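Protein chains in written order, with our numbering: chain A, 1 to 159; chain B, 1 to 159.
Each remark here refers to the structure printed beneath this line.
Number of protein chains: 2
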Amino acid sequence: MDHLDFQALQLMVRQGRITWAELAPQLGLSPPAAAERVRRLEEKGMIKGYGAVLDREALGYDLTAFVGADLSHQRHRAEFLALVGSRPEILECHHVAGDHDYILKICCRNARALDRFINDVLKQGEAVARTRSIIVLSTVKEEMFVPTETGSDPGTAGG
Amino acid sequence: MDHLDFQALQLMVRQGRITWAELAPQLGLSPPAAAERVRRLEEKGMIKGYGAVLDREALGYDLTAFVGADLSHQRHRAEFLALVGSRPEILECHHVAGDHDYILKICCRNARALDRFINDVLKQGEAVARTRSIIVLSTVKEEMFVPTETGSDPGTAGG
DNA sequence: GTTGAAATATGCATTAA
DNA sequence: TTAATGCATATTTCAAC
Numbered sequence: 001m002d003h004l005d006f007q008a009l010q011l012m013v014r015q016g017r018i019t020w021a022e023l024a025p026q027l028g029l030s031p032p033a034a035a036e037r038v039r040r041l042e043e044k045g046m047i048k049g050y051g052a053v054l055d056r057e058a059l060g061y062d063l064t065a066f067v068g069a070d071l072s073h074q075r076h077r078a079e080f081l082a083l084v085g086s087r088p089e090i091l092e093c094h095h096v097a098g099d100h101d102y103i104l105k106i107c108c109r110n111a112r113a114l115d116r117f118i119n120d121v122l123k124q125g126e127a128v129a130r131t132r133s134i135i136v137l138s139t140v141k142e143e144m145f146v147p148t149e150t151g152s153d154p155g156t157a158g159g
Numbered sequence: 001m002d003h004l005d006f007q008a009l010q011l012m013v014r015q016g017r018i019t020w021a022e023l024a025p026q027l028g029l030s031p032p033a034a035a036e037r038v039r040r041l042e043e044k045g046m047i048k049g050y051g052a053v054l055d056r057e058a059l060g061y062d063l064t065a066f067v068g069a070d071l072s073h074q075r076h077r078a079e080f081l082a083l084v085g086s087r088p089e090i091l092e093c094h095h096v097a098g099d100h101d102y103i104l105k106i107c108c109r110n111a112r113a114l115d116r117f118i119n120d121v122l123k124q125g126e127a128v129a130r131t132r133s134i135i136v137l138s139t140v141k142e143e144m145f146v147p148t149e150t151g152s153d154p155g156t157a158g159g
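Structural data, given as structure tokens:
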């Protein structure tokens, strides 16, 4: 990935719904050349998709929480992963090295909804043995990932 | 916010770089009407922006971690928040109720980079007294927020 | 919200570097 | 191989209904 690809990625993340005509001069390219670069980035899987960033609080989803979850047994992992995939209030799910097996980022309307989610959804099946919730009081920063270094790509070095 | 606005939001998040001509029929509207609805959602602040979703690993950023951080003293809060705002490897920063004052979501190239970040950046100033890192082994799910209920908007009720 | 027309943006083929 | 140009097509925007 050369410098122009890198710059194109940053611009796509930061400017979103921008036209090629607007993007191209910032890369020092013509619109077709800019579009071609981004198309190649999509092809290589570096751009997974596009989307709108919504204001959760403005939409009445006032509660964000990080929930640590422990599996009762390895045997229930598939059940747990299926649950994770099916529930929209689970924004993120990471398998982690630490106090818990998984960390979930949950967004719901209020504390009552979180309570219901934990009891009626997470702990309903056999998979989840224990949870620990960390409530978000305020969010200082929440941004999409933007690559920051322009050096050689370690992912392809030596390949 | 009526049902069509709601549906428009969901479609914008899920379908990303879509044309009004493609989006409109899914809302049962004409292209100008669909664009107008989305424009109003932007105006109301419900849509904060748009962006590309990048594949961090494909870009060589192989390490994601959640770092709990404690302030040494309230006096250093502004310094800490300035630091958070200035560092791109801090994807998220939440003030939380729990074991730590803040939870940071960090993305960097590898363990060495995280080590450097914690020592040379986070703990460099006076603000951060203690950190605890939880390394992400694998990410099961990481999605943008999509509202899920079509009922009345509690954020504007009674207004 | 819809329709239709004007302005704008995009995609493709060609040409050049 | 990559990018610029010009033209045809598609999309967005604006005005009128």
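Yeah, the Cβ is synthetic: ideal placement off N, Cα and C, and Gly gets one too.
Keep in mind it's a predicted model, so treat the numbers as computed, not measured.
Which same chain residues, not among the five before or five after residue i, have their C-beta less than 7 Å away from its C-beta?
i                      : result
residue 122 of chain A : 69, 128, 131
residue 46 of chain A  : 9
residue 117 of chain B : 89, 106, 108
residue 41 of chain A  : 5, 8, 9, 47
Which residues of chain B have a Cβ atom closer than 9 Å to the Cβ of residue i, listed in chain order?
i                      : result
residue 94 of chain A  : 64, 66, 134, 136, 137, 138, 139, 140, 141, 142
residue 103 of chain A : 66, 134, 136
residue 84 of chain A  : 140, 141
residue 9 of chain A   : 52, 54, 59
Kindly list, in the order they appear in chain A, the residues whose Cβ is closer than 7 Å to that of residue i.
i                     : result
residue 17 of chain B : 50
Report the residue from the options whose alpha carbon sits nearest the alpha carbon of residue i.
i                      : options                  : result
residue 91 of chain A  : A:74, A:58, A:63, A:33   : A:63
residue 53 of chain B  : A:77, A:15, A:73         : A:15
residue 100 of chain B : B:73, B:120, B:119       : B:73
residue 119 of chain B : B:30, B:18, B:147, B:67  : B:67
residue 139 of chain A : A:18, A:55, A:86         : A:55
residue 144 of chain A : A:49, A:77, A:1          : A:49
residue 17 of chain A  : B:35, B:1, B:2, B:3      : B:35
residue 98 of chain A  : B:133, B:71, B:98, B:148 : B:133
For chain A, is any of its Cβ atoms less than 7 Å away from the one on residue i?
i                      : result
residue 145 of chain B : yes
residue 97 of chain B  : yes
residue 13 of chain B  : yes
residue 152 of chain B : Any reading at residue 152 of chain B is ruled out, since the residue's pLDDT is 49, under 50, leaving its predicted position unreliable.
residue 2 of chain B   : no
Strictly below 8 Å CB to CB, what residues from chain B border residue i?
i                      : result
residue 162 of chain A : In the structure as shown, chain A begins at 1 and stops at 159. Residue 162 of chain A is therefore absent and cannot be evaluated.
residue 58 of chain A  : 44, 45, 46, 155
residue 122 of chain A : Simply none; closest approach about 14 Å.
residue 81 of chain A  : 140
Which bits of chain A does residue i rub up against, with CB to CB less than 8 Å?
i                      : result
residue 148 of chain B : 88, 89
Give a yes or no on whether the minimum CB-CB distance between residue i and chain B is below 7 Å.
i                      : result
residue 53 of chain A  : yes
residue 159 of chain A : Only weak support exists for where residue 159 of chain A lies, its pLDDT of 25 falling under 50; the coordinates are left without a value.
residue 107 of chain A : yes
What does residue i touch in chain A if you count any residue whose Cβ is under 9 Å from its own?
i                      : result
residue 125 of chain B : Chain A residues near residue 125 of chain B: none, gap ~16 Å exceeds 9 Å.
By Cβ distance, which residues of its chain are closer than 6 Å to residue i, with the 5 residues on each side in sequence left out?
i                      : result
residue 51 of chain A  : none
residue 94 of chain B  : 103
residue 135 of chain B : 65
residue 31 of chain B  : 20, 21, 24
residue 76 of chain A  : 126, 127
Hey, residue i and residue j are a contact pair by Cβ (cut 8 Å); roughly how many whole angstroms apart?
i                      : j                      : result
residue 24 of chain B  : residue 33 of chain B  : 7 Å
residue 141 of chain A : residue 84 of chain B  : 6 Å
residue 125 of chain B : residue 79 of chain B  : 6 Å
residue 65 of chain B  : residue 114 of chain B : 6 Å
residue 44 of chain A  : residue 58 of chain B  : 7 Å
residue 37 of chain B  : residue 5 of chain B   : 6 Å
residue 96 of chain B  : residue 137 of chain A : 6 Å
Which chain B residues are close to residue i, counting only those with a beta carbon under 7 Å from its beta carbon?
i                      : result
residue 164 of chain A : For residue 164 of chain A there is no data in the structure shown, the boundaries of chain A being 1 and 159.
Which residues in the same chain have their Cβ closer than 8 Å to the Cβ of residue i, if we skip the five residues on either side of it in sequence?
i                     : result
residue 26 of chain B : 7, 11
residue 61 of chain A : 107, 108, 109
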